[in-house]
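Worksheet for the structure shown next.
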Amino acid sequence: MHQGQITQADVGHKGTQLKLMLVLDNEQKVVFKPAWYSRDYVVEGPPYAGRDRHNAEIAAFHLGRILELRRSPLVVGRKVNLLKDIFPVASDRLKETFFRKDKAPCFYGRCHYCKGPEDGVCAGSDGILEGVLVLWIPEHYHLKLHRHPWARTYREGKMARWETDDTYCAKVRAVPGYSQGPRLLDIVDTAVLDFLVGNADRHHYETIQEGGRDAALIILDNGKRIRASLWQRLLALQEGVLSHVLASILDQDPVAPVLTQPHLTALDRRLGKVLDQVGTCVDRVGIKAIVLDGNSRKDSGDSGIS
Numbered sequence: 002m003h004q005g006q007i008t009q010a011d012v013g014h015k016g017t018q019l020k021l022m023l024v025l026d027n028e029q030k031v032v033f034k035p036a037w038y039s040r041d042y043v044v045e046g047p048p049y050a051g052r053d054r055h056n057a058e059i060a061a062f063h064l065g066r067i068l069e070l071r072r073s074p075l076v077v078g079r080k081v082n083l084l085k086d087i088f089p090v091a092s093d094r095l096k097e098t099f100f101r102k103d104k105a106p107c108f109y110g111r112c113h114y115c116k117g118p119e120d121g122v123c124a125g126s127d128g129i130l131e132g133v134l135v136l137w138i139p140e141h142y143h144l145k146l147h148r149h150p151w152a153r154t155y156r157e158g159k160m161a162r163w164e165t166d167d168t169y170c171a172k173v174r175a176v177p178g179y180s181q182g183p184r185l186l187d188i189v190d191t192a193v194l195d196f197l198v199g200n201a202d203r204h205h206y207e208t209i210q211e212g213g214r215d216a217a218l219i220i221l222d223n224g225k226r227i228r229a230s231l232w233q234r235l236l237a238l239q240e241g242v243l244s245h246v247l248a249s250i251l252d253q254d255p256v257a258p259v260l261t262q263p264h265l266t267a268l269d270r271r272l273g274k275v276l277d278q279v280g281t282c283v284d285r286v287g288i289k290a291i292v293l294d295g296n297s298r299k300d301s302g303d304s305g306i307s
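Number 132 in our numbering belongs to position 131 of the sequence shown; there are no gaps in the numbering.
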C-alpha cells in the first residue's frame, strides 16, 4: 500500500472530514487521510475537538493488533506528491477543488465540512503531503451502521442518559443484540481502545451486515464485563511494556516517528487507569462478575454493575 502506484483519485464520499478515494495499480481501493497537525501539536477544546490526526490512525491500528482486537482495516503511512501522484489521475470533481496557497498545491475535496479553500489542506512547497492509507473494505461486504448506546450528546450542558441513569446498563443488556452474543463485549473492547488512544468521538459503530446479530463490531467504559483475553493482555502490558512494544512497531512505518514520547507516556498512564477501574469493580463484586471467559455472553442475572 505504501509503494503501489496510484492509478485513480477521487473525492471521498463518506464521513464528515476530508479524505480521498484512491485506486492502486493492483486495483486495490484505499482511503487517503491527510495530515493536519505536526506530531507535537496540542488540540485545545473538548475531547472531540479538532480534525482527525493521521498518525493516530496508524497508532490505533497497531494498538488494536497488540491487544489482539483486530477490528480496524489495515493502515499505513504514506507521503504523496499532489502534483505528480494525485492530480494527473484525479477525477474532474476532485480537480475542481485544487487551488494554490503561498505557491503550495492544495485541495478541499468534498465532505460535510469541505465547503471551500478555507477548509482545504496544503502540501509543502515541494508538493509532498503526508497522510495515511486505509484499506477499503470490499463492496461485497455491506456495513450496517449502529448508534452507539454510550454516545455523547455533543451539546454543552446536556448530559446523555447513560451519565445520569444508574440503571442504564441493565436496560441496554435487555435490548436484542446486546442481551446475547458478542456485541456488548465488542463495545467494551472498543471502549478500552478508545480510552487508550484518546478517542472521545465514538457516536456510531458498524458491523458486517451478512454476519447477523453475532457479526463482529468494526472500528472505522461503560460496559458490564470485559473479556478474560483482553484483561490478561492488559495486565501483561503494564509497567511501560505497552509503550515499548508499540514504539518498536511504529518505528517500521514509512512516516515514522509516528508518536512522540509524551504520547507513549500517556498510553501507559491511561492503561494504568483502565486497570485501576476494573480492579475497583473486581474488589466490589468479584472477578467472575467482571471478567468473562469466552466470546459470547448470556445474561446470568444482575451483578450490580451499571
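By construction, the Cβ of each residue, glycine as well, lies at the ideal position given by its N, Cα and C atoms.
Worksheet item: With C-beta atoms as the reference, is Tyr49 less than 8 Å away from Ala201?
Response: Start at 1 with the first residue of the sequence shown, and residue 49 comes out as number 48. Start at 1 with the first residue of the sequence shown, and residue 201 comes out as number 200. The Cβ-Cβ distance between Tyr49 and Ala201 falls below 8 Å.
Worksheet entry | Residue closest to Ser230, alpha-carbon to alpha-carbon, out of Ile67, Val31 and Asp294 | As a working mapping, residue 230 is identified with position 229 in the sequence shown. Cα-wise, what sits closest to Ser230 is Asp294.
Worksheet item: Expressed to the nearest angstrom, what Euclidean distance is found between the alpha-carbon atoms of Thr165 and Trp151?
Response: Residue 165 sits at position 164 when you count from the first residue of the sequence shown. Residue 151 sits at position 150 when you count from the first residue of the sequence shown. Each residue's Cα considered, the two are about 12 Å apart.
Discussion item. With three or more beta-carbon pairs closer than 8 Å as the criterion, would you say the region 233 to 252 touches the region 57 to 67?
Written reply: Counting Cβ pairs under 8 Å, three or more are found: they touch.
Worksheet item: In the region 133 to 201, which residue ranges form an unbroken alpha helix (DSSP H) of at least 4 residues, counting only runs that do not cross its ends?
Response: You should have 162 to 165, 169 to 174 and 184 to 198.
Discussion item. Rounded to whole angstroms, what is the Cα-Cα separation between Leu84 and Gly280?
Written reply: If you number the sequence shown from 1, residue 84 lands on position 83. If you number the sequence shown from 1, residue 280 lands on position 279. Roughly 54 Å between the two C-alpha positions.
Discussion item. Whole angstroms are fine: how far does the CA of Ala290 sit from the CA of Val12?
Written reply: Along the sequence shown, read from residue 1 onward, the residue named residue 12 stands at position 11. Along the sequence shown, read from residue 1 onward, the residue named residue 290 stands at position 289. Roughly 48 Å separates the two Cα atoms.
Worksheet entry | Beta-carbon proximity of Arg148 to His205, cut-off 8 Å | Residue numbering aside, residue 148 sits at position 147 when the sequence shown is read from its first letter. Residue numbering aside, residue 205 sits at position 204 when the sequence shown is read from its first letter. Less than 8 Å separates the beta-carbon of Arg148 from that of His205.
Practice prompt. Please determine, among Ile220, Arg270 and Pro255, the residue with the shortest C-alpha to C-alpha distance to Val242.
Written response: Residue numbering aside, residue 242 sits at position 241 when the sequence shown is read from its first letter. With distances taken between CA atoms, Val242 lies nearest to Arg270 out of Ile220, Arg270 and Pro255.
Fill in: beta strand (DSSP E) runs wholly inside the region 246 to 291, at least 3 long, in chain order
Here no run is fully enclosed.
Fill in: Contact belief for Arg228 with Leu186 at Cβ below 8 Å, rounded distance in angstroms
Locating residue 228 in the sequence shown gives position 227, where the first residue counts as 1. Locating residue 186 in the sequence shown gives position 185, where the first residue counts as 1. Rounded, the Cβ-Cβ distance is 5 Å, consistent with contact.
Discussion item. My assumption, with CB atoms under 8 Å, is that Leu130 sits in contact with Val81. Please give the rounded CB distance.
Written reply: Here the question's residue 130 lines up with position 129 in the sequence shown. Here the question's residue 81 lines up with position 80 in the sequence shown. About 6 Å separates the two Cβ atoms, so the contact holds.
Discussion item. Could you give the first and the last residue of the continuous beta strand (DSSP E) run that contains His205?
Written reply: As a first step, residue 205 must be located in the sequence shown, where it is residue number 204. That run of the beta strand (DSSP E) goes His205 to Ile209.
Worksheet item: Based on Cα-Cα distance, which residue from Glu240, Ala10, Leu218 and Ser39 lies nearest to Ala257?
Response: Sequence index remark: in the sequence shown, residue 257 carries index 256 (1-based). Closest in alpha carbon position to Ala257, among Glu240, Ala10, Leu218 and Ser39, is Ser39.
Practice prompt. Flag this pair as yes or no: are the beta carbons of Trp163 and Tyr169 separated by less than 8 Å?
Written response: Against the sequence shown, residue 163 aligns to sequence position 162. Against the sequence shown, residue 169 aligns to sequence position 168. Yes. Within cutoff.
Discussion item. Just verifying my parser: in three-state terms, what is the DSSP assignment at Leu293?
Written reply: Stepping through the sequence shown from its first residue, residue 293 is reached at position 292. Assigned with DSSP and collapsed to three states, Leu293 falls in strand.
Discussion item. Pop quiz: Arg174 and Leu218 are said to be a contact at Cβ under 8 Å. What is the actual Cβ separation, rounded to whole angstroms?
Written reply: One-based indexing of the sequence shown puts residue 174 at position 173. One-based indexing of the sequence shown puts residue 218 at position 217. In this structure Arg174 does not touch Leu218 by the C-beta definition: roughly 16 Å separates them, more than the 8 Å allowed.
Discussion item. Using a 10 Å radius around the Cβ and a threshold of 16 neighbouring Cβ atoms, would you call Lys225 buried or exposed?
Written reply: Taking the sequence shown and counting its residues from 1, one reaches residue 225 at position 224. Low per-residue confidence applies at Lys225: pLDDT is 46, beneath 50, and the placement is therefore not dependable, though the value from the model is reported in the following sentence. It counts as buried.
Worksheet item: Alpha carbon to alpha carbon, how far is Pro139 from Lys30?
Response: Position 138 of the sequence shown, counting from 1, holds the residue named residue 139. Position 29 of the sequence shown, counting from 1, holds the residue named residue 30. Distance between the alpha carbons of Pro139 and Lys30 is about 8 Å.
Discussion item. Threshold first: 3 residues or longer. Then list the beta strand (DSSP E) segments lying entirely within the region 48 to 101, N to C.
Written reply: Entirely contained in the region 48 to 101, the beta strand (DSSP E) runs reaching 3 residues are, in chain order, 76 to 82.
Worksheet item: Would Leu134 pass as a contact of Phe33 if the rule is Cβ separation under 8 Å?
Response: By one-based count along the sequence shown, residue 134 stands at place 133. By one-based count along the sequence shown, residue 33 stands at place 32. In this structure, the beta-carbon distance from Leu134 to Phe33 falls below 8 Å.
Discussion item. Quick check on the burial criterion: 16 or more other C-beta atoms within 10 angstroms. Buried or exposed for Met22?
Written reply: Locating residue 22 in the sequence shown gives position 21, counting from the first residue. Result: buried.
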